[in-house]
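Residues in the sequence shown are numbered consecutively from 1, following the UniProt record's numbering. A quick write-up on the structure given underneath.
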Amino acid sequence: MNHVVELMLKPNFVAEISNGYPLILKEAAESIDETLEEGTILKIVRPNRKYIATGYYGKQNKGIGWVLTNNPLEEIDEVFFEVKFKHSISKRDKFYKKDDTTAFRVFNGEGDGIGGLTIDYFDGFYLVSFYSRGIYSFRDAIFNALKKTVNIRGIYEKKRFDTNGQYVDQDDYVEGEVGQFPLIIKENGMNFAVNLNDGAMTGIFLDQRNVRLALREHYSKGKTVLNTFSYTGAFSVAAALGGAYETTSVDLAKRSLPMTIEQFSVNGIDYEQQQIKVMNVFDYFSYAARHQLKYDVVVLDPPSFARTKKMTFSTAKDYPKLIAQAIEITAPDGLIIASTNNASFNMKKFKTFIDKAFKEKSKRYKIVEQYQLPDDFATLEEYPEFNYLKVCMIQLLK
Ligand code: SAH
1 MNHVVELMLK PNFVAEISNG YPLILKEAAE SIDETLEEGT ILKIVRPNRK YIATGYYGKQ
61 NKGIGWVLTN NPLEEIDEVF FEVKFKHSIS KRDKFYKKDD TTAFRVFNGE GDGIGGLTID
121 YFDGFYLVSF YSRGIYSFRD AIFNALKKTV NIRGIYEKKR FDTNGQYVDQ DDYVEGEVGQ
181 FPLIIKENGM NFAVNLNDGA MTGIFLDQRN VRLALREHYS KGKTVLNTFS YTGAFSVAAA
241 LGGAYETTSV DLAKRSLPMT IEQFSVNGID YEQQQIKVMN VFDYFSYAAR HQLKYDVVVL
301 DPPSFARTKK MTFSTAKDYP KLIAQAIEIT APDGLIIAST NNASFNMKKF KTFIDKAFKE
361 KSKRYKIVEQ YQLPDDFATL EEYPEFNYLK VCMIQLLK
C-alpha cells in the first residue's frame, strides 16, 4: 500500500471538505511537504487532528489531490477501486444495452468518486486516463479491479500528466486485444473513426454526444453549416447526416483534413460535396465577411486556450469577440451553437459573454436550448463547477 501522511486543513476549509467537496486545493492545507511522493495517501484532519477524510496526493492544475472516502477504515486498494467501478458501471447499464451507441464514459473522475481518473468505453476497449502521477501509482490495482468488473476486449491508457500540457507520444496499449485503428464506433447510429493509440485525443469528444444529436435532428435540414475549430469534423458529420445543404469545417491543424475526410467516408458521405479548410478560424471569419458569406448555422467549439504564431486566444477573455465575429457571418434568422469546456466560468457567466456580443452588434437573440455534460459524464450535483461543458443554441432574431 502507498505511504500514508497526515494533512491538516486550515480552519476555513474544514466545512467544505467535510461536506463532500472532492478537490484538495493547495491553499486548503496548513502545510504541504513538496517532496511528498505522488500517490501518498492523505489522512485529512481538522486543526485539532480529528479525522475528516482520506485522499491521495496527486498534482494537477486544479489542486494537489482528491478526497476518496470519509470512512477512516476504508483502505485504498484493489477492492476500493472494484467497488467504485461496479457502481459506476451499473449506472451505465442503459449505455451498455444500446446497439446504436457503442462509445461512452464509464467512469468520470470525481463525479464517480475518484478525481483524476476517467475511463471511456469504445466498442469493448477501455481507455483509462490518468491525470496525475499520483493516481498513476495505483495503476495495477485499477487495471485489476477493472478486469474483475467487466469483460474487456482490450485496455489502452493515457498518461495525461506530462509537463507543460504536452502529451508525450508513447505506446498506449496495455493489454488484451491489440486494436486495429481506426476503430469504428457508433453514436446514435452515426459512425465515428477513433484511434486509441495516437496521442492525447481519440478523434471524438464523447461529451458532445447530445449536441451532435440535436444538430442532426433539429438544426441541419437544408441548412448551410459552418463548423469552426472542427477537429475531425464530428459536428459536420452530424449536420450532413441531418440533411445539411453543405457543411464547411475549419481547423488549423493539418491533420484535421484527412481525419475529417475519414469521418465523412465512414458514414458514406461524399466529402467532395463538403468544404474542409485547413486554416485559422479568425482568418476564415475575415475571408467570409469579405465575401459576404452567410451561414444558417455556425458552430463555435474552441479550445479553452490556444496559441498560434500570431495570437493567443482564451475563452475566458475572448469568447464575446468570437461570438461577435460569428454574428457577422450568420444569416439573419440563423443559429449559433456556442460551446465551451472552460471550467473556470459557469453557465451564467457564459451567457453574459453571449449577451455582451449581441449588445455590441445591436442584435436580438434567444437561447432556444442549452446543454451541459451528458448522463455518462457524471458530476456532483452540489458542485456544478465540475460540470465544465456549456453549450447554448442561440437563435438570431430579426
Ligand atoms: N469541435 C471539435 C473539437 C475541437 S478541439 C469536435 O467536436 O470534435 C479544438 C480544435 O481547435 C483543435 O482541432 C485545434 O486544432 C483547433 N484550433 C485551435 N486554434 C485554432 C484556430 N485559431 N483556428 C482554427 N482551429 C484552431
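Beta carbons: idealized from backbone N, C-alpha and C, even for Gly. Here the structure is a predicted model, which is why all the values come from computation and not from measurement.
Along the chain, where does the alpha helix (DSSP H) containing Val298 start, and where does it finish?
Segment Tyr295 to Leu300 is the beta strand (DSSP E) holding Val298; no alpha helix (DSSP H) there.
Report, in whole angstroms, the separation of the C-beta atoms of Thr248 and Gln208, which I expect to be a contact under 8 Å.
With 8 Å as the limit, Thr248 and Gln208 do not qualify as a contact, their Cβ atoms being about 18 Å apart.
Enumerated in chain order, which unbroken segments of the beta strand (DSSP E) with a length of 3 residues or greater are wholly contained in the stretch 124-169?
Segments of the beta strand (DSSP E) lying fully in the stretch 124-169: 125-130 and 154-159.
If you measure between the beta carbons of Thr118 and Tyr131, is that distance less than 9 Å?
yes
Under the rule that 16 or more other beta-carbon atoms within 10 Å means buried, what is Ala338, buried or exposed?
Classification of Ala338: buried, given that the 10 Å Cβ count is 16 or more.
Measuring only the C-alpha atoms, how far is Asn191 from Pro374?
19 Å
Cutoff 7 Å; reference Lys221; Cβ partners in own chain excluding five residues on either side
Here the set comprises Gly242 and Gly243.
From Lys98 to Gly334, what does the alpha carbon distance come to, in whole angstroms?
It is roughly 34 Å from the alpha-carbon of Lys98 to the alpha-carbon of Gly334.
Would you identify the three-state DSSP class for Met347, choosing helix, strand or coil?
helix
Would you kindly work out how many angstroms separate the C-alpha atoms of Thr149 and Phe95, rounded to a whole number?
CA-CA distance, Thr149 to Phe95, rounds to 16 Å.
Using a threshold of 9 Å, state whether the C-beta atoms of Gly154 and Tyr167 are closer than that.
no
If I measure Cβ to Cβ from Ser256 and keep anything under 8 Å in the same chain, skipping five residues before and after, which residues do I get?
Ser230, Tyr231, Thr232, Gly233, Ser249, Ile276 and Val278
Does at least one heavy atom of the ligand SAH sit under 8 Å from the Cβ of Ala253?
yes
Confirm, please, whether the CB-CB distance from Glu385 to Gly20 is below 9 Å.
no
Cβ-heavy atom distance, Ile276 to the ligand SAH, below 8 Å
no
Nearer than 8 Å: is that true of the beta carbon of Val298 relative to any heavy atom of the ligand SAH?
no
Among Phe345, Ala343 and Thr330, which one has its Cα closest to the Cα of Lys398?
Thr330
Buried or exposed: which applies to Pro182, given that a residue is buried once 16 or more other Cβ atoms fall within 10 Å of its Cβ?
buried
Helix or strand or just coil, what does DSSP make of Phe358?
helix
Go to Pro320, then tell me how far its alpha helix (DSSP H) extends in each direction, as first and last residue.
From DSSP, the alpha helix (DSSP H) with Pro320 extends over Thr315 to Glu328.
Please determine whether the Cβ atom of Met279 lies at a distance below 8 Å from any heavy atom of the ligand SAH.
yes
Just curious, the beta strand (DSSP E) that Met8 is in, first and last residue?
Val4 to Met8
Bridge partners for Glu246 per DSSP, in chain order?
Within the DSSP bridge table, the entry for Glu246 names Thr224 as partners.
To the nearest angstrom, report how far apart Lys59 and Tyr284 are at their CA atoms.
38 Å
Under the assumption that Pro47 contacts Glu110 (Cβ atoms under 8 Å), give the Cβ distance between them as a whole number of angstroms.
Between Glu110 and Pro47 the Cβ distance is about 25 Å, and since that is not below 8 Å, they are no contact.
First and last residue of the beta strand (DSSP E) that includes Gln370?
Arg364 to Tyr371
Between the CA atoms of Phe80 and His87 - distance to the nearest angstrom
11 Å
Is DSSP giving Asn387 helix, strand or coil here?
coil
Anticipated Cβ contact below 8 Å, Tyr57 with Glu78, distance rounded
Not confirmed; about 20 Å, so no contact.
Using the three-state DSSP reduction, which class does Ala306 fall into: helix, strand or coil?
strand
Cβ of residue 417 within 8 Å of any heavy atom in the ligand SAH?
Because the chain spans 1 through 398 in this model, residue 417 falls outside it and cannot be assessed.
For Lys50, which of helix, strand or coil comes out of DSSP?
coil
Drop a sphere of 10 angstroms on the beta-carbon of Asp123, count the other beta-carbons inside from all chains shown, and report buried for 16 or more, exposed for fewer.
Result: exposed.
Sufficient close CB pairs (3 or more, under 8 Å) joining the stretch 389-397 to the stretch 346-355
yes
For Arg212, does the count of other Cβ atoms within 10 angstroms reach 16, so buried, or fall short, so exposed?
buried
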